[in-house]
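Novice: Got a structure here, written out as structure tokens. Questions coming.
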């Protein structure tokens, strides 16, 4: 059985690396918003939703356009992942799991994701990210499993790295090859389906005769009278 796990650490980028991360996050936001705008135009024209495959061709188109050639300076995979995020947002909307996709604003959820090409050096507390190089992070615990993707995000002026891994874990198995049914009773504490009987061990079961006698005495007394109340308390003490 496979298990996904996330490990989050604070990054310690250099000045140039921090500038690049801001630029990469802005490029991903630009691609997401521009694709969403084109989807909206397509919808207003009465056409169906355009899937990721077509949106990916838009990205190639924008990289080659004179006014948006600066997108080439950003790593391709995070830009593609922003389009996949938009596709996921649409699917959640179609399945009524979320509201209609909205445009992203600068400074809100600035992030970008690498699905591969990442190298993790835990011994030296550093990580390699395409077009950013090696970067140190505050190593607070061991990362286990195979790295599946890495998300870089900014919060309150600080940068963080979230590493998602996949591990193989054994499926818990029942220690016994057989199962036994149980029938709880009054006269007997429990009887198993294989015939095993467990005798009662509490004070109530040990004093069944005493209980029967007290209940007969209670039935002969006037209900809610003082003597009836005293007799009932005796029965209650026997149960405790």
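Residue numbers (my numbering): 3 to 242. Just so it is clear, CB atoms sit at the ideal spot from N, CA and C, and this is done for glycine as well. Only a predicted model underlies this, so the values are computations on that prediction, with no experimental measurement involved.
Could you check if residue 23 is buried or exposed, using at least 16 other CB atoms within 10 Å of its CB as the buried criterion?
Specialist: Burial call: buried.
Novice: Please go through the same chain and pick out, in chain order, the residues whose beta-carbon is closer than 8 Å to the beta-carbon of residue 124, but skip the five residues on each side of it.
Specialist: The answer, listed in chain order, is 141, 144, 145.
Novice: State the beta-bridge partners of residue 13 as determined by DSSP.
Specialist: Its beta-bridge partners are 139.
Novice: Could you spell out where the alpha helix (DSSP H) holding residue 54 opens and where it closes?
Specialist: Residues 54 to 66.
Novice: Where DSSP assigns a beta bridge to residue 123, which residues make up the other side?
Specialist: BP columns for residue 123 point to 128.
Novice: Since I believe residue 41 is in contact with residue 58 (beta carbons under 8 Å), could you give me their beta-carbon distance rounded to a whole number of angstroms?
Specialist: About 14 Å; that fails the 8 Å criterion.
Novice: Within the chosen definition, does the segment 105 to 116 reach the segment 79 to 95 through at least 3 CB pairs nearer than 8 Å?
Specialist: At 8 Å Cβ cutoff, the stretches touch.
Novice: Are residue 4 and residue 164 closer than 8 Å when you measure CB to CB?
Specialist: Not in contact: residue 4 and residue 164 (Cβ atoms no closer than 8 Å).
Novice: Buried or exposed for residue 76, please, with buried defined as at least 16 other CB atoms from any protein chain shown within 10 angstroms of its CB.
Specialist: Classification for residue 76: buried.
Novice: For residue 115, write down the residues that DSSP places opposite it in a beta bridge.
Specialist: DSSP lists 153 as partners of residue 115.
Novice: Go ahead and label residue 39 buried or exposed: buried means 16 or more other beta carbons lie within 10 angstroms of its beta carbon, across all protein chains shown.
Specialist: Answer is exposed; the Cβ neighbour count stays below 16.
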